[in-house]
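Below is one structure, written out as C-alpha cells; the observations come after it.
Residue numbers (this note's numbering): 5 to 237.
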C-alpha cells in the first residue's frame, strides 16, 4: 500500500505537488471511483486513471524478471534496491509493479506489469494459481515431509495451508508447489517441519516458467503466447 499522490508522482509524469492538485480537483479515479484524498492508501495493483486515461504509459506491459537475492519486490522502498531499479530508464514511467512478491532473499520468477485487473485476478485467493519453487533446507527432506505437504501443513500460528506437492530431489533439496500465497509461506511450512529454508527460487508462476536464459537480474517482455496463457489462467 502507498499514498495515492506518491503513486502518481512515481510515474514521473507529475511532481508530488501536481499529483495532489489533480487528486483534489477530482481528476483521479481509483478502481473507477473518484478519490480526492492525496493521502489515501492504494494497493500497488490498483487500477488508476487521470482524466479517464490509465496511468502507466501507452498500453499494458508484461515483463518476466529473474529476481536476484537482495532486491525487494516493491516499486519504492527508502534505502533499498527495488525490482524497478533493475529495469532500463525507458520502463521507469510505465506504472509497473510486481504481481505478487518474493522475499528479499528469494530469487526467481517475478511478473512485472501495469495491468491492474490481470494482477488482481492472478493474485485472487479463490483462483489458487500454482507457484513452484526450488528449495534447499538445513536437514534432510523425507517422504513424511512430502506427505505432510500433501495433507496441508499447519503453521506455527495455527494457520492451515492448502494441500501442496513436495518433489524430493535428494537430501535437503526439493521442488515444492503451493496453490496460494500466504506470507513467507514456503519458509513457514518447512520451518514447521523443523527444516529451515536456506535457499529459495521460484521457477513457475501459473503458466509462466522462468526463462533459463535470463541471468539473475535479467528481464524480458513476455511472448504473445505467455500473455494469452496468463489471461486463460
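Every residue, glycine too, gets a C-beta built ideally from N, C-alpha and C.
Name the two residues that bound the continuous beta strand (DSSP E) containing residue 208. Working through the chain shown from its first residue, we reach residue 208 at position 204. Per DSSP, residue 208 is one residue of the beta strand (DSSP E) stretching across 201 to 209.
Just tell me which of 196, 145, 227 has its CA closest to the CA of residue 171.
-> The sequence position of residue 171 within the chain shown is 167, counting from 1. Answer by Cα proximity: 145.
Exercise for review: Can you say whether residue 5 is buried or exposed, counting buried as having 16 or more other CB atoms within 10 angstroms of its CB?
Suggested key: Here residue 5 refers to the residue found at position 1 of the chain shown. So residue 5 ends up on the exposed side.
What do you get for residue 22, buried or exposed, if any count of 16 or more other CB atoms within 10 angstroms of its CB means buried? Here residue 22 corresponds to residue number 18 of the chain shown, with the count starting at 1. So residue 22 ends up on the exposed side.
Boundaries (first-last residue) of the beta strand (DSSP E) holding residue 75:
Counting from 1 along the chain shown, the entry for residue 75 is found at position 71. Secondary structure note for residue 75: it is in no beta strand (DSSP E), with a DSSP letter that is neither H nor E.
Report yes or no: do the region 120 to 132 and the region 76 to 93 share at least 3 C-beta pairs separated by less than 8 Å?
Using a Cβ-Cβ distance cut-off of 8 Å, the region 120 to 132 and the region 76 to 93 are not in contact, since fewer than three pairs of beta carbons, one from each stretch, lie closer than that value.
Opening and closing residue of the beta strand (DSSP E) in which residue 17 lies: Along the chain shown, one-based indexing puts residue 17 at 13. Note, residue 17: premise wrong, no beta strand (DSSP E); not H, not E.
* Where does residue 153 sit, in a helix, a strand or coil, going by DSSP? -> For the purposes of this step, residue 153 is identified with residue 149 of the chain shown, where counting begins at 1. Residue 153: helix per DSSP, three-state reduction.
| task | Inspect the beta-carbon positions of residue 176 and residue 140 and report whether they are closer than 7 Å. | result | The residue labelled residue 176 in the question sits at position 172 within the chain shown. The residue labelled residue 140 in the question sits at position 136 within the chain shown. Yes, these two residues count as a Cβ contact at 7 Å.
Mind pulling the alpha helix (DSSP H) runs of 4 or more residues that sit fully within the region 97 to 181?
Taking only runs of at least 4 residues, the alpha helix (DSSP H) segments lying wholly in the region 97 to 181 are 120 to 127, 147 to 155.
Let me know the secondary structure DSSP gives residue 44 once reduced to three states.
For the purposes of this step, residue 44 is identified with residue 40 of the chain shown, where counting begins at 1. Three-state DSSP puts residue 44 in coil, outside helix and strand.
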